[in-house]
Structure formats: C-alpha cells, structure tokens
Amino acid sequence: MTELLARFAPGIAEWLTLCAVLYAIGLYGLLTRRNAIAILMAVEIMLNAAALNFVAFNRFIAPDAVDGHVMAIFIIVMAAAEIVVGMAIVVALYRLRGSVDVNQMNSMKG
36 MTELLARFAP GIAEWLTLCA VLYAIGLYGL LTRRNAIAIL MAVEIMLNAA ALNFVAFNRF
96 IAPDAVDGHV MAIFIIVMAA AEIVVGMAIV VALYRLRGSV DVNQMNSMKG
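Numbering (the numbering used here), first residue to last: 36 to 145.
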C-alpha cells in the first residue's frame with residue numbers, strides 16, 4: 036500500500052501549482068471584493084498559500100531541515116495577529132459607520 040501511495044505522491048510542480056492557484060484566488064478576492072471581512076479572508080488565503088509554498092520547498096529541496104516549517108509557523112502566527120487587528124478595526128468601523136463596505140470608508144474622519 037505504501038508503494039502505491041508513493042507512486043502517486045504529488046511532486047513539487049503540483050504543490051507549486053496548488054500554491055499559485057490559492058494565491059490567485061486570494062488576489063482575485065482582494066481586488067474584487069468590497070466587504071472588508073471578505074478582503075481580510077482573501078489576504079488570509081494568500082498568506083496560507085505562501086506558508087504552503089515554504090513547506091513544499093522545504094520538503095523537496097531540504098527535507099532534513101526545518102527552516103520551511105519554521106517560516107510556515109511564523110507566517111501562520113503573523114496571519115493570526117493580522118486577522119485579530121483587522122477584525123478589531125472592522126468592528127470599530129462598523130460601529131462608527133454602520134457598514135463594512137470599503138467604498139464607504141473613503142475618509143477616516145469621525
């Protein structure tokens with residue numbers, strides 16, 4: 036069974052294609068959405084694609100090193116901090132303006 040799984044294991048090209056598709060989906064969401072929460076989710080998808088890219092390169096380029104995994108964990112931690120700060124700003128703006136549409140947030144005046 037392990038021989039069968041090893042034969043169909045994805046290579047680096049498949050992983051990089053997956054990362055590129057995830058990044059493109061996140062970039063599309065970032066450029067087309069007006070909702071601030073959807074924009075934050077798109078940025079999270081892009082950051083997860085970058086973390087997956089580090090893990091894929093680590094797996095195929097230097098499988099004994101842990102540098103890619105450390106960078107992926109660092110990206111995940113920074114993404115979590117980013118989403119907490121971003122959601123706090125979105126909640127504050129929703130309370131102030133009553134909407135999370137980024138087109139209505141063109142001025143930061145109170």
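Note that CB positions come from ideal geometry on N, CA and C, so glycine has one too.
Problem set entry | Of the residues Arg69, Ile80, Gly133 and Met140, the one placed nearest Ile118, counting alpha carbons only | To locate residue 118, count along the sequence shown from 1; it is residue 83. Ile118 has its Cα closest to that of Ile80, out of Arg69, Ile80, Gly133 and Met140.
For this session: Would you tell me roughly how many angstroms separate the C-alpha atoms of Phe92 and Gly133, rounded to the nearest one?
Result: For the purposes of this step, residue 92 is taken as the residue at position 57 of the sequence shown. For the purposes of this step, residue 133 is taken as the residue at position 98 of the sequence shown. Computed Cα separation, rounded: 44 Å.
Exercise. Would you call the stretch 70 to 88 and the stretch 107 to 117 touching, i.e. three or more CB-CB distances under 8 Å?
Worked result: yes
For this session: Let me know the secondary structure DSSP gives Asn70 once reduced to three states.
Result: Taking the sequence shown and counting its residues from 1, one reaches residue 70 at position 35. Of the three classes helix, strand and coil, the one that applies to Asn70 here is strand, per DSSP.
For this session: Using 10 angstroms around the beta-carbon of Gly46, count the other beta-carbons present and answer buried if the total reaches 16, otherwise exposed.
Result: Taking the first residue of the sequence shown as 1, we reach residue 46 at position 11. Classification of Gly46: exposed, given that the 10 Å Cβ count is below 16.
Problem set entry | DSSP state of Asp102 mapped onto helix, strand, coil | The residue given as residue 102 occupies position 67 in the sequence shown. Three-state result, Asp102: helix.
Exercise. Counting Cβ pairs closer than 8 Å, one from the stretch 124 to 138 and one from the stretch 54 to 63, do we hit at least three?
Worked result: no
For this session: Can you grab the Cα-Cα spacing for the pair Gly121 / Phe43, in whole Å?
Result: Start at 1 with the first residue of the sequence shown, and residue 121 comes out as number 86. Start at 1 with the first residue of the sequence shown, and residue 43 comes out as number 8. Rounded to whole angstroms, Gly121 to Phe43 spans 40 Å at the Cα level.
Problem set entry | 8 Å Cβ cutoff met for Arg68 and Asn138 | The count along the sequence shown starts at 1 and reaches residue 68 at position 33. The count along the sequence shown starts at 1 and reaches residue 138 at position 103. Against a cut-off of 8 Å, the Cβ pair of Asn138 and Arg68 comes out as no contact.
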